[in-house]
Amino acid sequence: MNRTTWSGVLAALILAAAAICASASKPAAAADTLTILWAEWDPANYLQELVKDYEKQAGVKIKVETVPWPDFQTKAFTEFNARGDAYDMVVGDSQWLGAGSTGGHYVELTDFFKQHNVAKSMAAATVVGYAEYPPKSRKYWAVPLEGDANGWAYRKDWFEDPVEKAAFKKKYGYELGIPKDYTQLRDIAEFFHRPSEKRYGVALYTDNTYDALAMGVEQTIFSFGGELGDYSTYKVRGVINSKQNVEALKFYKELYKFTPPGWGKVFFLEDNQAITEGLAAMSMNFFAFFPALANPATNKNAKGTGFFANPAGPGGKPRFAALGGQGISIVTYSKKRAQSMKFLEWFIRDDVQQRWADLGGYTCNEKVLSSEKFRKATPYNEAFYQSMLMVKDFWATPEYAELLEQMNRRIHPFITGNKGTAEEALNGLADDWEGTFKKYKRY
Amino acid sequence: MLKRLDPGSPAARRGLSDIRIRNLFIIPTIAFLIVFNIFPLVYSLGYSFTDFRASSSAPPSFVGLQNYRDLLADEHIWNNFTVTAKYVLVSVGGQVLIGFGVAMLLNREIPFKGVITTLLLLPMMMSMVVVGLFWELLYSPSWGIIDYLLGLEGFDWLSNPDVALYAIAFTDIWMWSPFVMLLCLAGLSAIPRRLYEAAAIDRASHWYTFTRITLPLVTPLLLIAVIFRTMEAIKMFDLAFIMSTQETAELIAIKLYRLAFQEWQTGPSCALAYMVLIMVLAVTNIYVKYLNRAKAR
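Taken in order, these protein sequences are the chains called A and B. Residue numbering for the first sequence follows this note's numbering, beginning at 29 and increasing consecutively. Residue numbering for the second sequence follows this note's numbering, beginning at 9 and increasing consecutively.
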């Protein structure tokens with residue numbers, strides 16, 4: 029081969045490599061295609077089904093690209109940081125609002141909200157949780173898409189067994205049924221906790237790699253009358269380590285005693301398995317994961333499975349549920365912002381929201397959500413509806429990930445590892461959070 | 009030394025001199041190294057002196073050594089370093105003891121030696137993630153075989169902060185002892201038979217033969233195994249990340265991942281990455297020094 033041939037081969041190789049790279053890096057280059065990034069779970073499949081209607085009506089194809097939950101945040105923010113236009117919209121976690129808005133990654137939708145009266149058509153709690161940042165600012169960055177909250181699945185067949193009912197009444201002095209408050213929840217967990225029969229009281233969230241444990245603990249804290257902090261002033265000392273919070277944390281740890289063995293690192297998958305495998309009498313989980321429990325194809329105990337919303341705090345304190353779910357935001361770096369805005373206009377229509385609910389999506393539309401049709405559509409929709417009226421969220425500040433990590437670091441060893449006391453864990457957390465807020469000049 | 013092309017040579021007719029061939033091989037490699045290794049290394053060093061957050065649109069501000077100072081003053085980071093040191097000690101120590109021991113056993117004429125050696129090498133051929141998930145099941149307090157064999161009903165290895173780290177280290181030992189064994193076996197089989205025969209004629213004890221012949225001659229290869237395993241253990245991520253979330257098992261690589269990709273503290277995470285890099289380099293240098301000394305003997 030002579031020099032000219034070598035040069036030709038080299039040039040051809042370079043051109044081929046460049047062509048491959050160019051085609052690989054532009055997955056959504058078609059002008060009439062919008063790409064939405066979301067986590068890999070059933071609601072994303074429902075959304076992919078829903079957007080087929082939009083394609084028929086508007087002639088714009090929508091592709092819902094999914095990423096497994098553990099990598100979802102990393103993938104989304106890596107793309108944001110690179111100012112990439114691979115995704116036109118993202119269905120981001122509620123805690124991302126601060127980082128997404130102040131980081132300049134989300135397009136502000138305040139005018140869109142005013143123009144289409146979105147704050148009125150969507151349930152108030154979902155607007156606060158999924159769309160507004162900073163809190164009470166009336167600045168909006170996302171359209172509530174998938175409502176979600178933490179609730180409970182339980183073994184209705186065990187609860188309704190006459191023998192169990194009689195034994196429970198004899199031991200605790202009241203009827204066995206859906207717990208009315210956290211004290212009853214604890215009693216029921218204790219009652220069904222029978223390790224010798226491979227049957228356990230309750231399945232809780234304990235995974236400390238993202239927000240699982242924090243969600244489980246925070247809703248207990250709220251229901252005990254506590255708070256995580258003042259979301260407006262960032263005051264945490266005396267709030268996160270308050271007496272109520274200490275009691276709530278001790279309570280969560282006590283509940284942990286009634287979980288199946290090896291329950292120190294579990295999230296939604298294992299909590300659903302606790303019901304499908306007949307391990308636990310009650311299981312905490314986000315409502316988005318309950319369809320699998322109501323389906324006999326995925327849960328052999330589906331007929332005997334019921335659902336309930338979080339009970340009241342001790343002494344009849346108000347009920348609260350940890351907010352899950354996500355809003356859909358337009359990515360600043362998208363080249364199809366106008367088209368994305370048009371899609372959102374279509375998505376918020378009442379008829380589309382009804383279709384979204386029919387497909388299995390947890391609509392945030394007030395009218396659809398409160399309708400009899402929706403509430404009776406599945407065994408868990410009524411509990412979901414009740415939960416959406418009492419949701420409360422974690423910090424949504426840009427530094428939320430640090431706050432989450434610090435909370436996990438403080439409370440996980442106490443709950444699952446029996447290390448230290450509740451007071452020590454929460455006092456330490458108050459120090460950590462105060463230090464973080466000082467670092468970001470919140471005071 | 010490379011020569012310029014003789015105009016009448018066959019190489020000249022092909023149009024490729026030795027220098028050109030050398031350049032064809034070396035330049036792409038150097039370019040690759042610069043683009044994918046050196047450039048990010050230098051760039052991240054710059055970031056380690058800033059308050060840059062990759063999730064924020066704010067430009068980075070120079071903060072000098074602040075990130076390094078904060079990290080060194082952070083008790084959690086020291087805890088991560090302590091946990092990592094313990095892990096390296098237990099894991100590499102275990103691998104060396106078991107790997108060397110098994111190599112000694114295999115360094116003799118036994119039936120099916122080849123098959124046994126191949127079977128022993130299987131663990132290190134598996135994916136770390138698969139091994140992690142597999143051992144998670146073995147350690148399960150509900151149906152794990154380890155509790156069953158040890159008669160420890162319901163003992164929770166991976167959620168127990170006192171033992172989680174050691175459980176992970178044991179898995180690492182299971183997986184990587186064969187690597188140490190392989191290198192030691194190579195070293196042992198290279199020792200000339202005549203040395204042992206001479207020792208036998210002199211009626212040297214087994215211990216004397218081991219300490220004066222076997223160990224010194226196998227040390228260079230053993231040290232190479234130790235260098236590789238120590239470097240791997242210091243930056244261990246996969247197994248520990250999959251198997252336990254206990255704070256007492258949070259290795260420095262996991263902390264680094266959380267800082268960089270969950271909290272998006274890019275500046276501090278670059279600083280921490282450099283601290284880990286310096287640590288790995290320092291430990292490796294100590295080993296290399298010993299390796300050279302062992303070779304010189």
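From the three backbone atoms N, C-alpha and C, an ideal C-beta is built for every residue, glycine too.
1. Chain A beta carbons: is any one of them nearer than 7 Å to that of B:Ala261?
2. Nearest by alpha-carbon distance to A:Gly244: which of A:Thr449, A:Tyr284, A:Lys208 is it?
3. So, is the C-beta of B:Arg116 closer than 7 Å to a C-beta in chain A?
4. Mind checking the segment 163-174 of chain B against chain A and listing, in chain order, the residues whose C-beta falls within less than 9 Å of any C-beta there?
5. Under the three-state reduction of DSSP, which class applies to A:Leu62: helix, strand or coil?
6. I need the DSSP call for B:Phe163, collapsed to helix, strand or coil.
7. Do you know whose CA, among B:Gln103, B:Gly162, B:Thr256, B:Val139, lies nearest B:Phe89's CA?
8. For the segment 430-449 of chain A, which residues have a CB atom closer than 7 Å to at least one CB atom of chain B, in sequence order?
9. At 9 Å on the CB atoms, spell out the chain A contacts of B:Ala279, in chain order.
10. Could you tell me whether the segment 264-284 of chain B touches the segment 45-56 of chain B, using the rule of 3 or more Cβ pairs below 8 Å?
11. Using a Cβ-Cβ distance under 7 Å, would A:Pro162 count as near chain B?
12. Could you give the DSSP three-state label for A:Val267: helix, strand or coil?
13. Report yes or no: do three or more beta-carbon pairs, one from the segment 297-313 of chain A and one from the segment 222-237 of chain A, lie closer than 8 Å?
14. Quick check on A:Gly87: does DSSP put it in helix, strand or coil?
15. Starting from the Cα of A:Val155, find the closest Cα among A:Tyr413, A:Glu452, A:Asn393 and give me that residue.
16. Do the segment 126-142 of chain A and the segment 87-104 of chain B make contact, defined as three or more Cβ pairs closer than 8 Å?
17. The ligand MG heavy atoms versus the CB of A:Ala405: any closer than 6 Å?
18. Whose C-beta lies closer than 7 Å to the C-beta of B:Ala290 among residues of the same chain, with five residues either side of it excluded?
19. Where does A:Tyr228 sit, in a helix, a strand or coil, going by DSSP?
20. Can you give the Cα-Cα distance for A:Glu203 and A:Gly344, rounded to whole angstroms?
21. Alpha helix (DSSP H) containing B:Met244: first to last residue?
22. Taking B:Ala261 and B:Met239 to be in contact with their CB atoms under 8 Å, please state how far apart those CB atoms are, rounded to whole angstroms.
23. Can you find a CB in chain B that lies within less than 7 Å of the CB of A:Ala276?
24. Measuring straight from C-alpha to C-alpha, what distance separates B:Leu190 and B:Gly107?
25. In three-state terms, what does DSSP make of A:Leu470?
26. Return yes when the Cβ of A:Ala151 is within less than 7 Å of the Cβ of A:Tyr228, no when it is not.
27. Output needed in chain order: residues of the segment 144-162 of chain B with a Cβ under 7 Å from some Cβ in chain A.
28. Provide the residue(s) that pair with A:Asn329 in DSSP beta bridges, ordered along the chain.
29. Can you list the residues of chain B that A:Pro190 reaches, using a CB-CB cut of under 7 Å?
30. Below 7 Å between beta carbons: does that hold for B:Pro149 and A:Gly290?
31. Start and end of the alpha helix (DSSP H) containing B:Met1?
32. Could you check the C-alpha separation between A:Glu249 and B:Met132 for me, to the nearest Å?
33. Which class does A:Arg183 belong to by DSSP, given the choice of helix, strand or coil?
34. What span of residues does the alpha helix (DSSP H) with A:Gln434 cover, start to end?
35. Cα-Cα, which of A:Asp421, A:Glu83, A:Asp70, A:Gly352 is closest to A:Ser61?
36. Since A:Asp209 and A:Pro346 are thought to touch, with beta carbons under 8 Å apart, how far apart are those beta carbons, to the nearest angstrom?
Let me lay it out:
1. no
2. Checked all of A:Thr449, A:Tyr284, A:Lys208; the closest Cα to A:Gly244 is A:Tyr284.
3. no
4. Of all residues in the segment 163-174 of chain B, only Phe163, Asp164, Trp165, Leu166, Ser167, Asn168, Pro169, Asp170, Ala172 place a beta-carbon less than 9 Å from a beta-carbon of chain A.
5. If DSSP states are grouped into helix, strand and coil, A:Leu62 belongs with the strands.
6. coil
7. Nearest of B:Gln103, B:Gly162, B:Thr256, B:Val139 to B:Phe89, Cα basis: B:Thr256.
8. Residues of the segment 430-449 of chain A with a C-beta less than 7 Å from any C-beta of chain B: Glu430, Glu433, Arg437, His440, Pro441, Thr444, Gly445, Lys447, listed in chain order.
9. Residues of chain A passing the Cβ test: none, with the nearest at roughly 15 Å.
10. As far as the Cβ criterion goes, the segment 264-284 of chain B touches the segment 45-56 of chain B, which means the pair count is three or higher.
11. no
12. coil
13. Between the segment 297-313 of chain A and the segment 222-237 of chain A, the count of C-beta pairs closer than 8 Å reaches three or more; the two stretches touch.
14. coil
15. A:Asn393 is the residue among A:Tyr413, A:Glu452, A:Asn393 whose C-alpha sits nearest the C-alpha of A:Val155.
16. No, the segment 126-142 of chain A does not touch the segment 87-104 of chain B.
17. Among the components of this structure there are no ligands whatsoever, and the ligand MG is therefore not found.
18. none
19. strand
20. 18 Å
21. Segment: none, B:Met244 is in no alpha helix (DSSP H) and carries neither H nor E.
22. B:Ala261 to B:Met239, Cβ: 12 Å. No contact.
23. no
24. 8 Å
25. Leu is not the amino acid found at residue 470 of chain A; the sequence shown has Arg there. Here A:Arg470 sits in coil by DSSP.
26. Cβ atoms of A:Tyr228 and A:Ala151: not closer than 7 Å.
27. Ser148, Pro149, Ser150, Gly162
28. Its beta-bridge partners do not exist; DSSP assigns none.
29. Result: empty, since nearest Cβ-Cβ is about 29 Å, beyond 7 Å.
30. yes
31. Here chain B comprises residues numbered 9 to 305, so residue 1 of chain B is not present and cannot be evaluated.
32. This sequence places Ile at residue 249 of chain A; Glu is not what is there. Going from the Cα of A:Ile249 to the Cα of B:Met132 covers about 46 Å.
33. strand
34. 428-445
35. Here the sequence assigns Thr to residue 61 of chain A, which means Ser is not the residue at that position. Checking every option, the nearest Cα to that of A:Thr61 belongs to A:Glu83.
36. Contact doesn't hold; Cβ gap of about 11 Å is too wide.
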